[in-house]
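Worksheet: the structure to be examined is printed underneath.
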Amino acid sequence: MKLVAGLWRRVRRTVVELVSTILTAVRGIAANRMRAFLSTIGIAIGVATLMTIYGLTAGLTSSFTRQLAALGSSTMYVSSRPWVIRGDWWKYRNRPPITRDDVAALRRRGDLLGAVAPVANAAAEVSYRGERIGQTQVQGTTSEYIDTSTLKIAAGRFLSPLEGAGTGQIAVIGSEVAERLFKQASPLGARISLGPQRFTVIGVLLPQGKAFGRSLDNIVIIPIDTFGRLYGMRRDMAIAVTAVPGAVFRAEDQIVEIMRTERGLGAGDEDTFSINRQSELLKIFNEETKALFGVALAVGLVTLLVGGIGVMNIMLVAVTERTREIGVRRALGARRRTILVQFLTESALVTMVGGAIGTAVGMIGCQVIDRVAPVSAELSVAAALGALIFSAIVGLLFGTWPAYRASHLDPIDALRFE
Amino acid sequence: MTALLELARVSRLYQMGSETIHALRDVSFTVEAGEYLGIVGSSGSGKSTLLNILGCLDTATSGSYMLRGEDVRDASDDELSDLRNREIGFVFQTFQLLPRTSALENVELPLVYRGVRAGERRRRAREALSRVGLASRMRHKPNELSGGQRQRVAIARALVTQPSILLADEPTGNLDSATGREILELFRQLHEAGNTLILVTHEPGIAAQCPRAIRMSDGQIVDDGPGARVVADAAVGVQA
């Protein structure tokens, strides 16, 4: 019982001291607002830098992930060149383009392949009764494309197998195109213009969002042959291919084999095509952003270090200024630890104020980037909270030396200090 | 009955470079509960060192200091802090109030270090301030109070923990003589109410008013007796 009572007394004393300490610290900072602000400005700049860069990286990542998601996570893209060329670009320069024959060969012989869809891209103006979009992405493909991508139909339908192969004047449009050309009205059955030609809208896609400031929903999908007639078939094409379930790796081998046979490559010849996947892009992107984030982190940390030293300096001044107060507190019964905690609390509060200012500035920075630049910057509540906790830690770290000095002053000397 | 405090052959040495300074030599005396003791001496007589040891701010180099039957010499820094909080009420020459802090909060401070909750703290601090006649000045900050009022706040702060000893170091040194007399009158009343007071001063006139006085010189006690007698003897150069 006695032990419990003693423990309870100690806990109560610690709590009472801590509450009083925090109140004192808050009042001290409020009384010296300008000084606290100036001393913590370095912390604020450091945190603002970190927050902005963090937000930018997070924004880039989510932009990129969103764009990649549209590619389908297990879809392979057969194209003449790899998506990411590292090193010898010349090697790929003279590769022949992907042709309809390649598509036909894959479709004919690929028993491990699910959907096989040629995809070609162009940019064009699209209009409907005076409403126009200056530049929209026009994609030529077949009905199977919907199975290789993450596209979803919101209204109407996608290209049918017959239409996809044919040269019909029909189109599936993205949600943004639908909105801008038709406002509230239903676009189904309407005839939109792509250049000189007219297309009947048969379907509208679900929104996919933005990536890198560009809408993924500003798109018009038309049958591949129609596309060829309109824009020419010589331009580079890709083939989106999915594997039948459970045959992902064997499917890739099969593609290589079919393509090599189709192109008449000998045993010693190199491939004249590349197989691309979303995951490779993601890997490269992650590597790049990691490097960027690393540099940013280093810059932010150096700023915080400088800011922390500034706070330490101010705290050392505060300890000297308040030597007599420390003496009085010690005379009245404050233990060394109490004084230590008091000064640690103060420096942590000062840096947290800096952290809060920095977070606010960082958030504004991200908003500005969002408005002005084509990339988005995203700041989460967790990031803001993390910044506050981090700045408190900086305060504790750089407050340790001043607080230690304060707590180890001799009470007699401290009381006599002039 | 054991004495409230008992010093036995207390010495305090300081090392100043290669020189050893004897601030206190073999000081022995006892104080009973309820006594009003003046410690008088010129500067450098060792009275400040003695005050620091009595106040548990410093410890003796040799000898023993028993405070309410507890040996202070072996106390750790934390234990000394707790002893100061529990047993000692300090009153300083320069008041030593926290600036920008109301009288009430200044008085509450020692109770914070005892872990007393805010409501109880406030109640006891009000009580202590009323005892020193400052009931109407509780919300004032030190810079809004006169010197005498500040010293009253400091006395309230010393009283609020109901310490064993009220230890006053030149409490009238920064006050004009009229205000000084008021403070001394307050001390007399506190003594009558049963408090134990030790007052350190260099002014013989003040020591003369103490029922008992100790005269210090060169780190030693040279006289111990009724205040008026000790002061009178000092004036004519008699050494006990």
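Chains S and F supply the protein sequences, listed in that same order. Take any residue in the first sequence, note its place counting from 1, add 752, and you have its number in our numbering. Take any residue in the second sequence, note its place counting from 1, add 408, and you have its number in our numbering. Ideal Cβ placement from N, Cα and C applies to all residues, glycine included.
Next item on the list: For GLY758/S, go through chain F and note every residue whose CB falls closer than 7 Å to its CB, in chain order.
Entry: The residue given as residue 758/S occupies position 6 in the first sequence. Result: empty, since nearest Cβ-Cβ is about 12 Å, beyond 7 Å.
Next item on the list: Could you tell me which of LEU567/F, ALA586/F and ARG620/F sits nearest to ALA601/F, measuring between CA atoms?
Entry: Within the second sequence, residue 601/F is the residue found at index 193, counting from 1. When each option's Cα is compared against that of ALA601/F, the closest is LEU567/F.
Check: Taking Cβ positions, are SER456/F and ARG433/F nearer each other than 9 Å?
Finding: Translated into the one-based positions of the second sequence, residue 456/F becomes position 48. Translated into the one-based positions of the second sequence, residue 433/F becomes position 25. Taking 9 Å as the Cβ cut-off, SER456/F and ARG433/F do not qualify as a contacting pair.
Notebook entry, point to check: Residues of chain S with CB under 9 Å from GLY523/F, in chain order?
Noted result: The residue given as residue 523/F occupies position 115 in the second sequence. Ordered by position in chain S, the residues that pass the 9 Å Cβ test against GLY523/F are ARG761, ARG762, VAL763, ARG764, ARG765, THR766, VAL767, VAL768 and GLU769.
Margin query: Counting only Cβ pairs nearer than 9 Å, list the residues of chain F close to ARG1157/S.
Written below: Within the first sequence, residue 1157/S is the residue found at index 405, counting from 1. Ordered by position in chain F, no residue passes the 9 Å Cβ test against ARG1157/S, which lies about 15 Å from the chain.
Notebook entry, point to check: Would you say LEU1084/S and TYR521/F are within 9 Å of each other, going by their C-beta atoms?
Noted result: Walking along the first sequence from the start, residue 1084/S turns up at place 332. Walking along the second sequence from the start, residue 521/F turns up at place 113. Yes, the pair counts as a contact, with Cβ atoms nearer than the cut-off.
Check: What first and last residue would you give for the alpha helix (DSSP H) that runs through GLN617/F?
Finding: For the purposes of this step, residue 617/F is identified with residue 209 of the second sequence, where counting begins at 1. Taken as a continuous stretch (DSSP letters only), GLN617/F belongs to no alpha helix (DSSP H), as it is neither H nor E.
Next item on the list: State yes or no: is the beta carbon of LEU574/F nearer than 9 Å to at least one beta carbon in chain S?
Entry: If you number the second sequence from 1, residue 574/F lands on position 166. It does not: the Cβ of LEU574/F has no partner Cβ on chain S nearer than 9 Å.
Next item on the list: Taking ALA810/S as the reference, give the member of ILE1141/S, GLU769/S, TRP1153/S and ALA1134/S with the closest Cα.
Entry: As a position in the first sequence, residue 810/S is number 58, starting the count at 1. Answer by Cα proximity: ALA1134/S.
Next item on the list: List the residues of chain F that GLU1073/S touches, going by C-beta distances under 9 Å, in chain order.
Entry: Here the question's residue 1073/S lines up with position 321 in the first sequence. Near GLU1073/S there are no residues of chain F at all, since even the closest Cβ is about 11 Å away, more than 9 Å.
Checklist line | Continuous alpha helix (DSSP H) stretch holding MET989/S: start and end | finding: Here residue 989/S refers to the residue found at position 237 when the first sequence is read from its first residue. Segment 989-995 is the beta strand (DSSP E) holding MET989/S; no alpha helix (DSSP H) there.
Notebook entry, point to check: For the segment 1132-1164 of chain S, which residues have a CB atom closer than 7 Å to at least one CB atom of chain F, in sequence order?
Noted result: PRO1163 and ILE1164
Notebook entry, point to check: In or out: ASN970/S buried (at least 16 other Cβ within 10 Å) or exposed?
Noted result: Taking the first sequence and counting its residues from 1, one reaches residue 970/S at position 218. Answer is buried; the Cβ neighbour count reaches 16.
Checklist line | Strand pairing of HIS650/F, partner residues [DSSP] | finding: Residue numbering for chain F in the displayed model covers 409 to 648; residue 650/F lies beyond these limits and cannot be assessed.
Item checked: Residue-level contact to chain F via CB, VAL1080/S, 9 Å cutoff -> Start at 1 with the first residue of the first sequence, and residue 1080/S comes out as number 328. Yes, its Cβ sits closer than 9 Å to a Cβ of chain F.
Item checked: Where the beta strand (DSSP E) through MET828/S begins and ends -> The residue you call residue 828/S lines up with position 76 of the first sequence. Run containing MET828/S: 828-831, per the beta strand (DSSP E) assignment.
Notebook entry, point to check: Given SER1031/S, which residues of its chain have a CB within under 8 Å of its CB, disregarding the five upstream and five downstream residues?
Noted result: Here residue 1031/S is taken as the residue at index 279 of the first sequence, counted from 1. Taken in chain order, the residues that qualify are SER825.
Note to self: Any C-beta of chain F within less than 8 Å: which residues of the segment 1092-1110 of chain S qualify?
What the structure shows: none
Next item on the list: Name, please, each residue of chain F whose Cβ falls closer than 7 Å to the Cβ of ALA1086/S.
Entry: Here residue 1086/S refers to the residue found at position 334 of the first sequence. What ALA1086/S touches in chain F: SER489 and TYR521.
Check: Who are the Cβ neighbours of GLY955/S in its own chain at under 6 Å, not counting the five residues just before and after it?
Finding: Position 203 of the first sequence holds residue 955/S. Here the set comprises ILE905, GLY908, ARG909, PHE910 and VAL924.
Note to self: Can you check which of these residues, GLY798/S, MET1104/S, SER772/S and ARG859/S, is closest to THR1055/S by C-alpha distance?
What the structure shows: Taking the first residue of the first sequence as position 1, residue 1055/S is located at position 303. Of the listed residues, the one whose Cα sits closest to THR1055/S is GLY798/S.
Margin query: Taking only three categories from DSSP, how would you classify GLU478/F?
Written below: In the second sequence, the residue the question calls residue 478/F occupies position 70. Reduced to three states, the DSSP call for GLU478/F is strand.
Next item on the list: Give the straight-line distance between the Cα atoms of PRO723/S and GLU1022/S, rounded to the nearest whole angstrom.
Entry: Within the shown structure, residues of chain S are numbered from 753 to 1170, placing residue 723/S beyond reach of any answer.
Margin query: Which of the three DSSP states is assigned to TYR880/S in this structure?
Written below: The residue you call residue 880/S lines up with position 128 of the first sequence. DSSP places TYR880/S in strand when its eight states are reduced to three.
Notebook entry, point to check: How far does the beta strand (DSSP E) with VAL608/F in it reach, from first residue to last?
Noted result: In the second sequence, counting from the first residue as 1, residue 608/F sits at position 200. Element bounds for VAL608/F: 604-609.
Notebook entry, point to check: Would you say ILE850/S and PRO870/S are within 9 Å of each other, going by their C-beta atoms?
Noted result: One-based indexing of the first sequence puts residue 850/S at position 98. One-based indexing of the first sequence puts residue 870/S at position 118. Against a cut-off of 9 Å, the Cβ pair of PRO870/S and ILE850/S comes out as a contact.
Item checked: 7 Å Cβ cut-off: residues of chain F touching SER772/S -> Locating residue 772/S in the first sequence gives position 20, where the first residue counts as 1. The contacting residues are VAL520.
Check: Should ILE730/F be labelled buried (16 or more other beta-carbon atoms within 10 Å of its own) or exposed?
Finding: In the structure displayed, chain F extends from 409 to 648; residue 730/F sits before or after that span and is not available.
Check: Along chain S, which residues have their Cβ under 9 Å away from the Cβ of ASP486/F?
Finding: By 1-based counting over the second sequence, the position of residue 486/F is 78. ARG1087, ARG1088 and ARG1089, listed in chain order.
Next item on the list: Return the chain-ordered list of same chain residues with a C-beta closer than 8 Å to the C-beta of SER912/S, the five sequence neighbours on each side being excluded.
Entry: Walking along the first sequence from the start, residue 912/S turns up at place 160. So the qualifying residues of the chain are SER895.
Checklist line | Burial state of ASP631/F, where buried means 16 or more other Cβ atoms lie within 10 Å | finding: In the second sequence, residue 631/F corresponds to position 223, counting from 1. Burial call: buried.
Note to self: Are the CB atoms of ALA1155/S and LEU1096/S within a distance shorter than 9 Å?
What the structure shows: Position 344 of the first sequence holds residue 1096/S. Position 403 of the first sequence holds residue 1155/S. Yes, these two residues count as a Cβ contact at 9 Å.
Next item on the list: Answer yes or no: does any C-beta atom of chain S fall closer than 9 Å to that of PHE498/F?
Entry: For this step, residue 498/F is matched to residue 90 along the second sequence. With 9 Å as the cut-off, PHE498/F counts as an interface residue toward chain S.
Item checked: Chain-order list of residues whose beta-carbon lies under 6 Å from that of ALA648/F (same chain, five-residue window excluded) -> Along the second sequence, one-based indexing puts residue 648/F at 240. Per-residue confidence for ALA648/F stands at a pLDDT of 48, beneath the threshold of 50, marking its modelled position as unreliable; the derived number appears in the next sentence. Same-chain partners within the cutoff: ASP631.
Note to self: Quick check: what's the CA-CA separation for PHE979/S versus TRP841/S?
What the structure shows: The residue labelled residue 979/S in the question sits at position 227 within the first sequence. The residue labelled residue 841/S in the question sits at position 89 within the first sequence. Looking at the two C-alpha atoms, the distance is approximately 29 Å.
Note to self: Strictly under 9 Å for the Cβ-Cβ distance: is LEU812/S near chain F by that measure?
What the structure shows: Start at 1 with the first residue of the first sequence, and residue 812/S comes out as number 60. Cβ-Cβ to chain F under 9 Å: no for LEU812/S.
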